[in-house]
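Before any comments, here is the structure.
Protein chains: 2
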Amino acid sequence: MKDAPKSVTIRWLAHQAGVSVATVSRALRHPETVAPQTRERILKLVNRHQFVPDGRAATFSSKRTGVIGLIIPTISNSIYAEFTEAIQSRLQAAGLSLLIANANYSAEAERDIIRKLIESRVEGLILTGYKRDAALYDLLRHYRIPFVVTWSTSPKASIPSISFDNRAAAAEATEMLIKLGHQRIGLICGITGVNDRAAQRFEAYRSVLARYKIPFDAELVSEQPFEIEVAADAATRLVTLTNPPTALFCANDIQALGALFACQRLKIRVPKDISIIGFDDLPIVRVVSPPLSSVHVPARRMGHATADALIGAARKNIPVKSQIIGTELIMRGSTMPLVPARTRPP
Amino acid sequence: MKDAPKSVTIRWLAHQAGVSVATVSRALRHPETVAPQTRERILKLVNRHQFVPDGRAATFSSKRTGVIGLIIPTISNSIYAEFTEAIQSRLQAAGLSLLIANANYSAEAERDIIRKLIESRVEGLILTGYKRDAALYDLLRHYRIPFVVTWSTSPKASIPSISFDNRAAAAEATEMLIKLGHQRIGLICGITGVNDRAAQRFEAYRSVLARYKIPFDAELVSEQPFEIEVAADAATRLVTLTNPPTALFCANDIQALGALFACQRLKIRVPKDISIIGFDDLPIVRVVSPPLSSVHVPARRMGHATADALIGAARKNIPVKSQIIGTELIMRGSTMPLVPARTRPP
DNA sequence: TATCCTGATGTAACCGGTTACATAAAAGCT
DNA sequence: AGCTTTTATGTAACCGGTTACATCAGGATA
Chain B
3 MKDAPKSVTI RWLAHQAGVS VATVSRALRH PETVAPQTRE RILKLVNRHQ FVPDGRAATF
63 SSKRTGVIGL IIPTISNSIY AEFTEAIQSR LQAAGLSLLI ANANYSAEAE RDIIRKLIES
123 RVEGLILTGY KRDAALYDLL RHYRIPFVVT WSTSPKASIP SISFDNRAAA AEATEMLIKL
183 GHQRIGLICG ITGVNDRAAQ RFEAYRSVLA RYKIPFDAEL VSEQPFEIEV AADAATRLVT
243 LTNPPTALFC ANDIQALGAL FACQRLKIRV PKDISIIGFD DLPIVRVVSP PLSSVHVPAR
303 RMGHATADAL IGAARKNIPV KSQIIGTELI MRGSTMPLVP ARTRPP
Chain L
3 MKDAPKSVTI RWLAHQAGVS VATVSRALRH PETVAPQTRE RILKLVNRHQ FVPDGRAATF
63 SSKRTGVIGL IIPTISNSIY AEFTEAIQSR LQAAGLSLLI ANANYSAEAE RDIIRKLIES
123 RVEGLILTGY KRDAALYDLL RHYRIPFVVT WSTSPKASIP SISFDNRAAA AEATEMLIKL
183 GHQRIGLICG ITGVNDRAAQ RFEAYRSVLA RYKIPFDAEL VSEQPFEIEV AADAATRLVT
243 LTNPPTALFC ANDIQALGAL FACQRLKIRV PKDISIIGFD DLPIVRVVSP PLSSVHVPAR
303 RMGHATADAL IGAARKNIPV KSQIIGTELI MRGSTMPLVP ARTRPP
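This is the structure we're talking about:
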């Protein structure tokens with residue numbers, strides 16, 4: 003037998019097997035269309051030469067990439083990990099791959115990523131939040147790449163979203179604290195200028211306060227990145243105010259945990275001295291002491307629904323339809339009705 | 003001007019601009035080789051038609067993908083997030099993309115992922131741990147794809163690794179507890195059968211005990227997945243033994259946190275009643291109360307070194323050389339010398 | 001036995017951009 | 001002014017697999 007060339011190709015294998023390149027291609031991609039003996043002869047050569055087809059040529063000639071792109075704002079918050087794993091498992095079952103890109107909460111980085119993914123001709127794109135340059139949505143439509151917004155509902159019919167309602171969920175949490183008797187409610191949330199989910203949660207907080215005729219006090223609000231040490235510092239600042247809050251609504255669990263640990267360090271008892279509600283319902287919130295109340299975000303369900311929608315779009319040209327997924331406020335040991343706060347010495 | 007076709011191509015743009023396809027290609031990829039007026043004329047058309055080149059054709063004809071593959075065992079442990087972000091930032095600066103794949107601690111899933119990445123012709127591959135079917139390393143060499151093992155040193159010169167030494171780091175932590183006077187040291191680690199890093203940490207724990215003539219007690223060891231609730235349960239079981247440990251070495255921080263919270267729930271004081279050391283040195287361990295002692299893993303530095311090595315390999319054919327990166331045991335408030343344990347009622 | 005249908009296989013054009021090599025014009029130097 | 005060098009641009013072959021269409025052989029049916 004002739005020695006293998008530097009790069010074994012389907013053409014070379016075809017020659018060795020005495021068949022056409024189409025037959026080798028069929029043996030690899032649609033083996034049931036090839037006669038059993040022919041198929042075995044081809045696969046034997048494939049294995050002997052450790053042949054792995056060149057995906058660059060395959061995606062070029064088939065005009066398919068089999069890839070769905072996902073852009074998340076960070077990979078260090080495990081709520082996105084759960085969401086991503088849910089998507090990945092569904093896509094894998096459908097024979098598609100997930101390409102994960104991290105935008106690091108940067109609109110500019112995200113723009114570059116979107117263009118790169120369009121250049122790669124991904125067969126679908128999953129976005130986080132709906133707020134971005136409209137031209138990017140136009141470009142996706144121009145290239146007929148199905149897309150869907152997640153982690154935020156979309157106000158426009160032309161921008162499909164599969165998400166829970168941030169405002170409704172944040173309103174429910176804020177309202178619960180009010181119903182527990184709290185009036186001075188602190189908010190720790192993300193940077194509303196670059197994060198539309200944080201902005202929506204903040205708006206809901208304000209609007210519920212207004213609804214209950216509770217004056218909005220900017221001093222009780224802290225916007226900062228989702229880093230636990232930053233959150234702990236923010237909580238420390240809030241709870242050591244002259245007139246501190248008696249409750250904290252944290253727009254994500256990392257911040258709620260930071261707040262909890264800061265209170266522990268300051269010997270402020272949760273929930274006796276201060277109630278805390280988080281958002282996401284990460285596993286860790288069930289394990290800390292006391293277990294944190296939190297808005298349960300159905301990340302896995304949202305991931306599955308998102309993947310299913312894009313599989314339908316990519317494989318069967320089914321348009322992506324918006325869906326709203328419910329959240330659930332889970333009350334645990336970090337919240338209780340307001341009791342008169344003991345005055346703490348300066 | 004003639005209407006744009008269904009799919010605008012470089013060929014069509016060339017015709018519109020009155021130049022050749024090579025010139026359009028140059029205008030996009032190497033604009034400095036095209037005369038300024040020609041370049042502007044071409045880019046004007048590109049913008050007008052919202053043209054994004056077809057990456058499928060580009061990667062095919064150039065035989066370049068510009069992609070480095072990274073396989074991590076999970077995306078829900080944020081230590082991998084830090085590592086991944088470090089790699090991504092370096093690659094981005096070098097004009098390369100990172101394709102992240104999640105193996106979910108499954109050797110079979112990883113095998114499929116490796117083959118898929120070879121088929122995609124990634125220009126480099128970053129692996130986690132060195133233990134896997136040798137045929138996979140052979141296949142990577144066969145296709146001349148540079149690779150590197152991370153999160154574990156490699157015993158073989160033919161398998162380059164860039165990592166800290168798990169055994170040395172785990173030995174240091176175990177030894178520290180012994181030097182603090184602890185003899186009954188519990189170990190909570192990952193599943194050693196599928197996780198060579200867990201296996202190495204476990205081996206180091208055993209070997210240090212042996213060195214100090216401390217009998218190995220299997221009852222003090224708990225192997226289970228890295229889930230915080232499972233870790234809390236494991237810790238609960240260990241600390242409620244008839245003859246419980248006076249210290250816990252947890253082979254990652256998630257487990258250390260689970261152990262800490264379990265102790266808090268059981269009113270077992272850390273470090274007075276039991277010392278705890280974790281591994282990874284996640285930000286949260288600095289914030290909890292008490293702050294956890296932990297082996298600091300230089301994830302960012304390892305990420306940068308790994309990316310640099312593969313950029314060198316992919317772009318300049320520089321062979322990847324193994325590197326060992328140090329760790330550092332950070333002692334915080336969760337460890338103290340052994341004091342006689344109060345007898346707890348059954 | 002003849003005709004029709006199905007399964008297996010071959011042919012060859014094609015996908016869209018890249019780039020080695022060639023050519024022409026412009027710039028620089030003597 | 002003539003020659004050399006540099007810059008800008010064109011030509012066209014190529015990358016490796018996919019697949020629409022065609023063909024042939026074998027099986028089924030009338």
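For the protein sequence lines, the chains are B and L, in the order given. Note that the working numbering has the first sequence beginning at 3, numbered continuously upward. Note that the working numbering has the second sequence beginning at 3, numbered continuously upward. All C-beta atoms, glycine included, are put in the ideal place defined by N, C-alpha and C.
- Within chain B, the C-beta atoms nearer than 9 Å to that of R117/L come from V54, in chain order.
- The continuous alpha helix (DSSP H) containing H144/B extends over residues 136–144.
- Among the residues of the stretch 96–107 of chain B, those with a Cβ less than 9 Å away from any Cβ of chain L are S99, L100, L101, I102, A103, N104, N106, in the order of the chain.
- Counting C-beta pairs closer than 8 Å gives fewer than three between the stretch 261–271 of chain L and the stretch 199–207 of chain L, which falls short of the contact rule.
- Between R134/L and L45/L, the alpha-carbon positions lie close to 49 Å from each other.
- Between the alpha carbons of I12/B and A60/B lies a gap of roughly 11 Å.
- For F251/L, the enclosing beta strand (DSSP E) has its first and last residue at 249–252.
- Between the stretch 327–344 of chain L and the stretch 151–158 of chain L, the count of C-beta pairs closer than 8 Å stays below three; the two stretches do not touch.
- For I161/L, the closest C-alpha among the options E174/L, I147/L, A173/L, I276/L is that of I147/L.
- In this structure, F62/B sits near F62/L, with a CB-CB distance shorter than 8 Å.
- The beta strand (DSSP E) runs lying completely inside the stretch 97–177 of chain B and spanning 3 residues or more are 99–104, 126–130, 149–152, 163–165, given in chain order.
- In the displayed model, G328/B falls within coil according to three-state DSSP, outside both helix and strand.
- In the DSSP assignment, E84/B falls within the alpha helix (DSSP H) that extends over 80–95.
- Contact with chain B is found for R267/L, since one of that chain's Cβ atoms lies less than 8 Å from the residue's Cβ.
- In the DSSP annotation of this structure, L340/L is not part of any alpha helix (DSSP H), being labelled neither H nor E.
- Residue contact with chain B for T67/L: present (Cβ-Cβ distance below 8 Å to some residue of chain B).
- In the assembly as shown, H32/B is an exposed residue. Its beta-carbon has fewer than 16 other beta-carbons within 10 Å.
- The beta-carbon separation of A237/B and C265/B, rounded to 7 Å, stays under the 8 Å limit for a contact.
- Beta-bridge pairing by DSSP links F281/B to V297/B.
- Taking a contact as a CB-CB distance under 8 Å, the pair S78/L and S80/B counts as one, their CB atoms being some 5 Å apart.
- At the C-beta level, L222/B and G195/B stay beyond 8 Å of one another.
- With a cut-off of 8 Å on Cβ pairs, the stretch 273–293 of chain B is not in contact with the stretch 110–127 of chain B, counting fewer than three such pairs.
- DSSP, read as helix, strand or coil, puts G305/L in helix.
- Spatial neighbours of A19/B in its own chain (CB-CB distance under 7 Å, excluding positions within 5 residues in sequence) are listed in chain order as V26, R43, I44, L47.
- Against chain L, the CB of T61/B has a partner CB under 8 Å away; the residue lies at that interface.
- Linking P339/B to L182/B through their CA atoms gives a straight-line distance of about 4 Å.
- About 13 Å separates the Cβ atoms of A309/B and I102/B, ruling out a contact at the 8 Å cut-off.
- When Cβ-Cβ separations below 8 Å define contact, E34/L makes no contact with chain B.
- Using a Cβ distance threshold of 8 Å, L262/L and V241/L do not count as a contacting pair.
- A contact is defined here as three or more CB-CB pairs under 8 Å, and the stretch 314–324 of chain B fails this definition with respect to the stretch 291–302 of chain B.
- Using beta-carbon distances, L141/L counts as an interface residue toward chain B, with a partner under 8 Å.
- Contact of H306/B with chain L is not assigned, every C-beta pair being separated by 8 Å or more.
- Q257/L and V36/L have their alpha carbons spaced roughly 59 Å apart.
- In this structure A159/L is not in contact with V297/L, their Cβ atoms being roughly 27 Å apart against a cut-off of 8 Å.
- Sorting V69/L, S224/L, A136/L, N49/L by C-alpha distance to the C-alpha of A96/L places V69/L at the top.
- For Q257/B, no Cβ of chain L is located within less than 8 Å of the residue's own Cβ.
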